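What follows is a set of notes on a single structure, which appears directly below.
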Amino acid sequence: MIGIRGLLVVAAILIPQVLLASPGLQALRTHCSACHQDPGQLSGDEGYEGELTYILDTDKMIDAGYVVPGNPADSPIFQRLTDDMPPVGNEPAFGNRRPSDEEVEAVKQYILELAEKKTADRNPLSLGDMYGKIADYVMRQPRRSQRYLRFFSLRVSHNRNEISDERLDEVRLAFAKTLFSLSWQHALAKLTPIDDELTVYAVDLRELDWSSRQWETLIARYPYAQKHDQLPVSAELNQIAHDVYRATQSEVPVVRAEWFIVYASRPPLYHELLGVPDTDMELEQKLGVSAQRNFLNAAVERAGFVRSGISSQNRLVERHANATSGYYWKSYDFKPTSEVGRVSDLLTLPLGPRFQANPFNDVAFVHDGGELIWRLPNGLQGYMLVDGKGGRIDAGPLDVVEDTNGRFSGSSEIVNGISCIGCHKQGMVSLPADEIRGGGRVFGKDRDFLLEIHPTDQELKEILKSDSESFGRALARVYGTIKLKQPRTFGAVEYLEPITPFAKTYIRSLVDVDQLAVELDFDGTGDELRIALKHGNLAFDSLPGFRAVANESYVSRDAIEARGNPKLRFSSTGFQRLSRTLNLGVPVIYPVPK
444 MIGIRGLLVV AAILIPQVLL ASPGLQALRT HCSACHQDPG QLSGDEGYEG ELTYILDTDK
504 MIDAGYVVPG NPADSPIFQR LTDDMPPVGN EPAFGNRRPS DEEVEAVKQY ILELAEKKTA
564 DRNPLSLGDM YGKIADYVMR QPRRSQRYLR FFSLRVSHNR NEISDERLDE VRLAFAKTLF
624 SLSWQHALAK LTPIDDELTV YAVDLRELDW SSRQWETLIA RYPYAQKHDQ LPVSAELNQI
684 AHDVYRATQS EVPVVRAEWF IVYASRPPLY HELLGVPDTD MELEQKLGVS AQRNFLNAAV
744 ERAGFVRSGI SSQNRLVERH ANATSGYYWK SYDFKPTSEV GRVSDLLTLP LGPRFQANPF
804 NDVAFVHDGG ELIWRLPNGL QGYMLVDGKG GRIDAGPLDV VEDTNGRFSG SSEIVNGISC
864 IGCHKQGMVS LPADEIRGGG RVFGKDRDFL LEIHPTDQEL KEILKSDSES FGRALARVYG
924 TIKLKQPRTF GAVEYLEPIT PFAKTYIRSL VDVDQLAVEL DFDGTGDELR IALKHGNLAF
984 DSLPGFRAVA NESYVSRDAI EARGNPKLRF SSTGFQRLSR TLNLGVPVIY PVPK
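The working numbering numbers the first residue of the sequence shown as 444 and each following residue consecutively.
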């Protein structure tokens, strides 16, 4: 059963305010959201991992069966509220306060009123309509610019009317943040909606500082890559699609924004699209920074902790002024027991890392890895994880850093890009008090130098506040670039983080036959697709996972997107094979970069 702690949430919940207008949701926010709301939507609280992490998202609660619209008695969330709660073990410091009778009644009314909730009333956008609108847009642009045009589509989500307009707007914001987190341009690219329903957005690759090769790398990893100019069902669609491919000089100029949010925010695409170098030295050259030179010149601000926030080991962080775009932060992280002796004790060895020109090598630590954060020219942040030698890695080793609750990447691994984006939703994270300035056990000149590079806690707090607000102002500008169905006013400083909660939901999602019909652009109902799957002589051995959906079950997102042989550079995905079998698309398969 659902365990709900009676914690009073003081952190602002960053979801559409129209939802929080419900007294029932306000009650759930007060008593439940501290433990059961995904931390990606919290402004300050880190939440708690449990089976339920989206208690303030009505659509997800209904989808998962926690709420039965119009039927409080059969709704597990209401049953839990009327049990003896909060559960045993709740911290007494928070009062163990039960919901009042009025609050329980408010939740009851909230569930009853959901019976009257209507699905979104949106006109579906067909594949032919989409290509027609793209063709109209492309042909209105100067011929010399057409080959740089690319498109991101929310058509699949738009065509599912069970997805609310509010949630679609959250996906739009997640898309904008993802896209601009992958650009080195100072100016924000124009995201131009090409239809009144805001279903497809056009962007010029030059405005992102992306090359056509980077786009092809994206398509090589895109599981839905297919062409629609050779279909037996529509000569008109074939011609329009062909015209679009020819004008844009791309076989796949359109990508699903939903997939892009999830996979462009993690390796390998995060590294490939942002151009994250192979080593920390190469990154610093790109930024115009030398961490070693700044250390020798005492041109660095540091803080160190015996126990860091993402492990139980030491951690040291330092900030460098970055002439290119603003700031560059670097952390030094450690395994529980270093293989080379006591070289990770920051209290006795604070003046590392060891390098040839370091005059303090006798009191210098040896680290096992780190996180690099820099301000992108547009004001957002770039991220890189490295090993002890400065080599780029996709995820931090679990014996160095760990996301114990799987809050951001969906696993206990700290994954570059997505985990960093979720953790750093406010830009730079507040730090605990520096334990090295006052507790470092070095003396004489070593001590004097330590004090030079370790500012006071108040000074460091001001530095962090400035960097965080710089990020927040940039994020507000980013959200202002994308047109929403329900216009929202963003503050001058904005910290809404929609990427990580969407990504976790997407990866774990199960697809039924009705949704699969929408995604395939199948000309018929879900039941008709099920008949086609059952009686179409499909080779299910080459379509793992789809047999279940034919038998009134679900297919996982992983089965839809997985390649038949991931070890091969040329290999089709489950979606591509099924679409091809049903004559709904021709797979486009580029060699996957090594």
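Idealized CB from N, CA, C, for every residue including glycine.
No experiment lies behind these values; they were computed from the predicted model shown.
Does the separation of the CB atoms of residue i and residue j fall below 8 Å?
i	j	result
ASN757	LEU789	yes
PRO675	ASN1008	no
ILE942	THR496	no
PHE1018	GLU995	no
SER624	LEU611	no
ALA734	HIS897	no
TYR688	PRO696	yes
ARG818	THR722	no
ALA919	GLU937	yes
VAL809	SER774	no
GLN669	SER1022	yes
ALA690	VAL760	no
SER708	ILE861	yes
ARG1020	SER1014	no
ILE505	GLN480	no
THR642	LEU716	no
GLY769	SER626	no
PRO796	ILE879	no
So, at 8 Å on beta carbons, what are the nonlocal neighbours of residue i in its own chain, with the 5 sequence-adjacent residues on each side left out?
i	result
SER677	GLY571
ASP502	GLU605, ILE606, SER607 and ARG610
HIS671	LEU570, TYR574, LEU680, ASN681, ALA684, GLY1028 and VAL1029
ARG649	TYR591
ASP564	ASN604
TRP658	ARG593, LEU648 and SER693
VAL1031	ILE662, ALA668, GLN669, LYS670, GLU694 and VAL695
Helix, strand or coil for residue i per DSSP?
i	result
LEU592	strand
VAL998	strand
SER476	helix
THR501	helix
ARG603	coil
ILE748	Reading the sequence as shown, one finds Phe at residue 748 and not Ile. Residue state, collapsed to three classes: strand.
PRO515	helix
VAL581	helix
ILE906	helix
ALA919	helix
LYS868	coil
SER928	It should be noted that the sequence gives Lys, not Ser, for residue 928. LYS928 falls in the coil class under three-state DSSP.
THR722	strand
VAL885	coil
ARG565	coil
VAL732	coil
ARG586	helix
LYS705	Rather than Lys, the amino acid found at residue 705 in this sequence is Val. Residue state, collapsed to three classes: helix.
VAL858	strand
ARG541	coil
Since residue i sits in a beta bridge, which residues does DSSP pair it with?
i	result
ALA935	None, per the DSSP bridge assignment.
MET827	LEU815
SER774	VAL760
ARG835	VAL829
ALA645	PHE594 and THR635
LEU953	SER999
ASN765	GLY769
ALA807	PRO793
LYS670	VAL1029
ARG699	SER596
Leaving out the 5 sequence neighbours to the left and right, which residues in its chain are closer than 6 Å to residue i when beta-carbon positions are compared?
i	result
TYR644	PHE595, LEU634 and PRO636
LYS576	ILE637 and ASP638
GLU613	PRO941
GLN692	ARG590
ASP686	ALA578
TYR771	LEU730, VAL732, HIS763, ASN765 and TRP817
HIS978	none
PRO535	Only weak support is given to the placement of PRO535: the predicted model assigns it a pLDDT of 37, under 50, and the value that follows is read from those uncertain coordinates. Here the set comprises nothing.
PRO720	LEU726
Identify, in the order they occur along the chain, each residue of the same chain with its Cβ nearer than 7 Å to the Cβ of residue i, setting aside the five sequence neighbours on each side.
i	result
PRO840	GLY812
THR924	ALA619, LEU631 and LEU634
ASP877	ALA746, GLY747, HIS897, ASP900 and LEU903
PRO515	PHE521, LYS551, ILE554 and LEU555
PHE798	GLN735
Should the segment 902 to 921 be regarded as contacting the segment 825 to 832, the criterion being three or more beta carbon pairs within less than 8 Å?
no
Taking three-plus beta-carbon pairs below 8 Å as touching, is the segment 887 to 905 in contact with the segment 793 to 805?
yes
Three CB pairs or more closer than 8 Å across the segment 508 to 515 and the segment 540 to 554:
yes
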